[in-house]
Amino acid sequence: MTEHTNTPELRFPEFKEKWEFQELGNLAQFSKGKLLSKKDLNISGIPCILYGELYTRYGAILNKVYSKTDSKKNSLVFSKKNQILIPSSGETDIDIATATAINTDLKIAIGGDLNIITPINSDGRFISLYINGKGKHNLAKYAQGKSVVHLYNSDIKKLKFYLPSNNSEQQKIGDFFSKLDQQIELEEKKLELLEQQKRGYMQQIFSQHFRFKDENENKYEKWRKIKLANILKERKTYLSKSSDVAHATLSTEGIYLKNERYDRDFLVKDKNKKYKVSFKDDICYNPANLKFGVITRNDIGKVIFSPIYITFEVNQNYNPLFIEMMLTRWDFINKVRKFEEGTVYERMAVKPEDFLSYETYIPCLEEQEKIGNFFNDLDKFIEKQSNKIELLKKRKRGFLQKMFV
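Numbering (the numbering used here) for the sequence shown: 1 to 405.
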């Protein structure tokens with residue numbers, strides 16, 4: 001906020017008026033949706049919104065709807081363009097302080113547990129953007145309850161904030177963020193398409209329906225059946241944490257270095273505890289969490305991690321990139337899970353000796369290298385697209401901070 005003027009740091013140049021401090025109750029009318037639950041959803045019918053979708057599917061501005069219901073029209077409450085939806089129940093005060101502005105003329109059935117705010121003259125997108133940004137904590141303080149928190153229209157009315165006195169400025173801000181959201185959505189669709197293409201290539205290549213060819217355009221020899229024990233060898237080298245080697249951990253996202261925030265080693269009473277050593281291009285997995293996809297290639301370098309993890313050295317006659325793609329597929333993971341042992345689901349694990357006993361088909365080294373490089377290049381392209389989306393979202397967060405008071 002610029003000093004003494006109650007205006008934002010970043011503003012469209014044609015607007016000069018001061019912003020007004022208003023109470024939401026003076027700017028809108030308030031109502032509620034009617035009860036709709038997951039059991040009322042259908043693959044066809046009337047477009048609808050359930051309160052839970054405000055947390056999972058929708059942002060500050062809604063341009064399209066994902067769910068439908070076959071409930072009778074006369075039992076439903078329908079939306080109007082420019083209305084704002086706020087959940088009336090949630091898990092935490094911060095979670096519940098979220099809003100979605102209806103930016104479509106489509107008549108949408110509004111589910112129960114949703115507060116409906118209908119602006120009289122203001123732009124609903126502007127109000128929703130404020131609530132999801134600078135106003136989030138201001139609205140959260142009105143939430144009531146402990147195990148389940150609630151937001152009532154009678155309290156939402158009390159929300160006070162600055163907004164442009166000129167509706168044209170509100171609309172221009174709403175238009176700006178609508179276009180930015182559309183750009184983000186477009187890039188997310190591109191990312192989704194790339195990921196779908198990767199899954200398709202994986203299916204085609206590992207089912208051998210698609211084969212790479214050599215420099216003479218001839219197919220390589222047939223894939224041969226082999227035990228993983230002929231490809232991988234378990235490493236059993238240990239070091240203490242006091243060594244100069246970086247400390248890493250595994251997750252469904254891969255392998256990454258620990259930082260102080262996530263380092264739980266202060267809970268370890270044994271100061272002489274030894275950590276397992278892993279090297280670049282090793283295949284690493286968590287025996288108990290393999291079912292969740294915790295298997296990856298070490299793309300960092302020499303690290304230490306928990307001794308509960310398994311790390312395999314890849315035989316030099318095989319391509320680590322290919323081996324990674326082969327072993328991180330859900331098709332492979334689900335097959336190797338036949339070796340799981342344990343009575344409690346969370347602790348059911350695949351031992352390394354059982355893992356290595358699994359038999360699979362594998363191409364010659366030259367074809368492995370082509371497949372590995374192909375997917376490595378594709379992953380880089382996917383990562384570039386993902387970074388582009390994150391940059392757009394970061395820009396949006398910056399604009400939300402600078403364009404509101």
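Beta carbons are placed, not taken as given, at the ideal position from N, Cα and C, and that holds for glycine.
Closest to residue i by C-alpha separation, out of the options, would be which residue?
i	options	result
T118	L27, N334, G398, I362	L27
K64	K72, P47, T56	P47
K258	Q144, S306, K274, K402	S306
S31	S79, I184, I43, F21	S79
S71	S44, K157, N153	S44
K233	F332, D40, K157, N317	N317
I116	V77, W223, T56, N286	V77
D379	R199, G398, R337, V277	R199
G124	K134, I173, H137, Y142	I173
M310	Y256, F381, R235	It should be pointed out that residue 310 corresponds to Ile in this sequence rather than to Met. The option with the nearest alpha carbon to I310 is R235.
K241	L41, F399, I226, Y275	Y275
Under 8 Å by Cβ, that's how I've got residue i and residue j pegged, so tell me the actual separation to the nearest angstrom.
i	j	result
F322	I371	5 Å
E23	K160	5 Å
D113	Y51	4 Å
K302	K280	7 Å
I49	S67	7 Å
L62	I102	6 Å
V277	I304	6 Å
Near residue i, what residues of its chain come up, given a Cβ to Cβ distance below 6 Å and the 5 sequence neighbours on each side ignored?
i	result
E369	N319
I131	A99, L139
L461	Because residue 461 is not part of the residues shown, which for the chain are 1 to 405, the question remains open.
R211	K219
Q203	none
K25	What sits at residue 25 in the sequence shown is Gly, not Lys. Excluding residues within five positions, the ones whose Cβ falls inside 6 Å are K157.
G135	F161
E17	S165, N166
Per DSSP, which one or two residues make a beta bridge with residue i?
i	result
A101	I61, I84
Q171	Beta-bridge pairing links Q171 to no other residue.
Y361	K225
Q144	H150
R397	Looking at the DSSP assignment, R397 forms no beta bridge with any residue, so it has no partner.
P119	A28
I300	DSSP, once it has assigned bridges, lists no residue as partnering I300.
V314	L232
E217	E217 pairs with nothing; no bridge assigned.
Leaving out five residues before and five after residue i in sequence, what residues of the same chain have Cβ atoms less than 8 Å from its Cβ?
i	result
N406	What the structure shows of the chain is the stretch from 1 to 405, and residue 406 is not part of that stretch, so it cannot be assessed.
W223	Q208, Y361, I362, P363
Q385	E187, K190, L191, L194
Residues in its own chain within less than 7 Å of residue i by CB, not counting five upstream and five downstream?
i	result
P13	none
V438	Nothing can be reported for residue 438, as the shown portion of the chain is limited to 1 through 405.
L106	P47, V65
Determine, using beta-carbon pairs with one atom in the region 326-344 and one in the region 292-301, whether at least three such pairs fall under 8 Å. Of all C-beta pairs linking the region 326-344 to the region 292-301, three or more are shorter than 8 Å, placing the two stretches in contact.
Taking contact to mean at least 3 C-beta pairs separated by less than 8 Å, is the region 389-396 in contact with the region 330-344? Under the three-pair Cβ rule at 8 Å, the region 389-396 does not count as touching the region 330-344.
For the region 140-155 against the region 80-95, do three or more pairs of beta-carbon atoms, one drawn from each stretch, fall closer than 8 Å, so that the two count as touching? Yes: the two stretches touch, three or more of their Cβ pairs being nearer than 8 Å.
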